[in-house]
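Numbering (my numbering), first residue to last: 1 to 393.
Even for Gly, the Cβ is constructed at its ideal location relative to N, Cα and C.
Please read all numbers here as calculations on a predicted model, not as lab measurements.
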Amino acid sequence: MRSEFLHFSPPLIGDEEVEEVVQTLRGGWITTGERAQRFENDFRAYVGAPAALAVNSATSALHIALAALGIGEGDAVVSTDMTFVSSIHVIEHQRARPVLVDVEPDTLNIDPDQVEAAVKRIKGVKAILPVHLYGHPAEMGRIYDIARRHGLAVVEDAAHSLPARYRGRMIGAPADGMDVPNLVAFSFYATKNLTTGEGGMLTGPPELLDEARVWSLHGMSRDAFKRYTSEGSWRYDVVLPGFKYNMPDVQAAIGIHQLEHLDEMQKRRRAIVAQYDEAIGQLEELETPVARPEVESAWHIYLLRLRPERLRIGRDQFIEELRRRNIGASVHFIPIHQHTYYREHHQLRPEQFPVAQREFERMLSLPLSPAHSDQDVADVIEAVTDVVEKNRS
Ligand SMILES: Cc1ncc(COP(=O)(O)O)c(C=O)c1O
Numbered sequence: 001m002r003s004e005f006l007h008f009s010p011p012l013i014g015d016e017e018v019e020e021v022v023q024t025l026r027g028g029w030i031t032t033g034e035r036a037q038r039f040e041n042d043f044r045a046y047v048g049a050p051a052a053l054a055v056n057s058a059t060s061a062l063h064i065a066l067a068a069l070g071i072g073e074g075d076a077v078v079s080t081d082m083t084f085v086s087s088i089h090v091i092e093h094q095r096a097r098p099v100l101v102d103v104e105p106d107t108l109n110i111d112p113d114q115v116e117a118a119v120k121r122i123k124g125v126k127a128i129l130p131v132h133l134y135g136h137p138a139e140m141g142r143i144y145d146i147a148r149r150h151g152l153a154v155v156e157d158a159a160h161s162l163p164a165r166y167r168g169r170m171i172g173a174p175a176d177g178m179d180v181p182n183l184v185a186f187s188f189y190a191t192k193n194l195t196t197g198e199g200g201m202l203t204g205p206p207e208l209l210d211e212a213r214v215w216s217l218h219g220m221s222r223d224a225f226k227r228y229t230s231e232g233s234w235r236y237d238v239v240l241p242g243f244k245y246n247m248p249d250v251q252a253a254i255g256i257h258q259l260e261h262l263d264e265m266q267k268r269r270r271a272i273v274a275q276y277d278e279a280i281g282q283l284e285e286l287e288t289p290v291a292r293p294e295v296e297s298a299w300h301i302y303l304l305r306l307r308p309e310r311l312r313i314g315r316d317q318f319i320e321e322l323r324r325r326n327i328g329a330s331v332h333f334i335p336i337h338q339h340t341y342y343r344e345h346h347q348l349r350p351e352q353f354p355v356a357q358r359e360f361e362r363m364l365s366l367p368l369s370p371a372h373s374d375q376d377v378a379d380v381i382e383a384v385t386d387v388v389e390k391n392r393s
């Protein structure tokens, strides 16, 4: 058994990231400036987006996406029950109504049939907010088709899905042939495939991103950093009651080099996934994650599902047994309908989300990071196998 606790998702930070941060700190400009601009340009080119805006989290990116689309009181947004709360909080922040639907049993992504039914049933739907859960793109062909037919915007939560492809198209790039406004929010939180500690990026059509940029910085009509440069002026005008969501250069300095290393880090991630699939796939008590043929998953999270009829222990105890073997597992996510706020304010009940509820009860996420060594991966496999062998029913 391992002697040290294995963290679930440690970051992989190279010397280049460290050096760039040091240079930034010594360079005399540490908030949003040239490095943030460079990170935006590099990111835009990497995913093939028409425009990109660096912000301080994916939550901020989602929030200003809704603000830029003019979504507010009296509007409704259709989203998924199986996500992190901030995907849904942002709808509340705009005083719009979240309409949550259940998920598909294999990917746990939003179910397009239920999206369509909700759009037809509920008055005032303005947007669909799918989440590419665990890095596996949602069924975007169907979702864009629904959006186009009903005149809706699409705001994609891509917190997990850098880099991922749906039918060959990179998540973050424009949806082919679909004249639907699509805004895509990425996260650079500490555990994400690319990290800046905290951070995020919004991609989308340039005119919507111009609007989002104003929302992201106090509603000022021009970039604040230019105020202090030779190009700028002290005079500024505020055109909206905006937020404070800009990404500082200290963080962009990390992001620039994380992006350079991303393909290499993804290669390592995929190799770990292949090892898990091979070893764990032999255990009949467990289900390994799916990847549909039309997608390339970003493999942000390795989802394991227990077959409860074959085990004497449930999910909670499985995680506890892994912890006793010094392996840090987690759960993604507690469905939205279970949280007090959403239960009480939107009268949500488990019966409305049978798939999310059932899958939540048997799911856990294994450690997955390019920073993990071969020994770490072998330790996880050994621990999982041992827990299964000792608890077969
Ligand atoms: C699906 C999903 N959406 C949004 C977020 C929010 O990301 P951030 O922490 O960058 O705001 C997360 C964070 O973990 C997430 O998992």
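Exercise. So, using beta-carbon positions, are arginine 269 and leucine 306 closer together than 8 Å?
Worked result: no
Problem set entry | the region 318-325 touching the region 151-166, judged by at least three CB pairs closer than 8 Å | no
Problem set entry | Start and end residues, beta strand (DSSP E) containing alanine 76 | 76-80
For this session: May I ask you to check if the CB of serine 330 is nearer than 7 Å to at least one heavy atom of ligand 1?
Result: no
Exercise. Is threonine 340 helix, strand or coil when you go by DSSP?
Worked result: helix
Problem set entry | Between the CA atoms of tyrosine 189 and valine 197 - distance to the nearest angstrom | According to the sequence as given, residue 197 is glycine; it is not valine. Computed Cα separation, rounded: 5 Å.
Exercise. Is any heavy atom of ligand 1 found at a distance shorter than 7 Å from the C-beta of alanine 462?
Worked result: Residue numbering for the chain in the displayed model covers 1 to 393; residue 462 lies beyond these limits and cannot be assessed.
Problem set entry | Any non-hydrogen atom of ligand 1 within 7 Å of alanine 138 CB | no
Exercise. Alpha carbon to alpha carbon, what distance is there between serine 216 and proline 241?
Worked result: 10 Å
Exercise. So what's glutamate 361 in DSSP terms, helix, strand or just coil?
Worked result: helix
For this session: Please confirm whether any heavy atom of ligand 1 lies closer than 7 Å to the CB of glycine 197.
Result: no
Exercise. Just to confirm, does phenylalanine 39 get its C-beta within under 7 Å of one of the non-hydrogen atoms of ligand 1?
Worked result: no
Exercise. Just the residues with CB closer than 6 Å to a heavy atom of ligand 1, in chain order, which are they?
Worked result: Ser57, Ala58, Thr59, Thr83, Phe84, Ser86, Ser87, Val131, Asp157, Ala159, His160, Ser187, Tyr189 and Gly200
Exercise. Is the region 56-70 in contact with the region 278-290, if contact means three or more CB pairs nearer than 8 Å?
Worked result: no
For this session: Go ahead and label lysine 192 buried or exposed: buried means 16 or more other beta carbons lie within 10 angstroms of its beta carbon, across all protein chains shown.
Result: buried
For this session: Would you verify that the beta carbon of leucine 208 is, or is not, closer than 8 Å to some beta carbon of chain B?
Result: The structure shown has no chain B; it contains just one protein chain.
Problem set entry | Own chain residues within Cβ distance below 7 Å of valine 387, not counting five before or after | Phe318, Glu321 and Leu322
Exercise. In the DSSP assignment, what residue or residues form a beta bridge with arginine 169?
Worked result: Tyr166
For this session: Report the rounded CA-to-CA distance for leucine 259 versus glutamine 266, giving the unit in angstroms.
Result: 11 Å
Exercise. Identify the residues that DSSP records as bridge partners of serine 187: which are they?
Worked result: Gly200
Exercise. Thinking C-alpha only, which one of Gln23, Ile143, Gln275 and Ile122 is nearest aspartate 249?
Worked result: Gln23
Problem set entry | Helix, strand or coil at arginine 44 according to DSSP, with G and I counted as helix | helix
Exercise. Can you name the residues that DSSP bridges to glutamate 287?
Worked result: Arg305
Exercise. Which residue's Cα is closest to the Cα of arginine 310: Asn391, Glu344 and Ala252?
Worked result: Asn391
Problem set entry | Simplified DSSP state of leucine 217, which is helix, strand or coil | strand
For this session: Using three-state DSSP, classify aspartate 210 as helix, strand or coil.
Result: helix
Exercise. Between the C-alpha atoms of glutamine 375 and tyrosine 342, what's the straight-line distance to the nearest angstrom?
Worked result: 42 Å
Exercise. Between the C-alpha atoms of threonine 107 and threonine 31, what's the straight-line distance to the nearest angstrom?
Worked result: 39 Å
For this session: Tell me whether proline 174 sits in a helix, a strand or coil according to DSSP, three-state version.
Result: coil
Exercise. Just reading off the alpha helix (DSSP H) that glutamate 20 is part of, what are its end residues?
Worked result: 15-26
For this session: Please report the Cβ distance between alanine 61 and glycine 200, rounded to the nearest whole angstrom; I am assuming they are in contact, meaning their Cβ atoms lie under 8 Å.
Result: 4 Å
Problem set entry | Alpha-carbon to alpha-carbon, arginine 167 and glutamine 251 | 32 Å
For this session: Below 6 Å CB to CB, which residues in the same chain sit around isoleucine 301 once its five sequence neighbours on both sides are set aside?
Result: Tyr134, His332 and Ser365
Exercise. DSSP on valine 355, reduced to helix/strand/coil?
Worked result: helix
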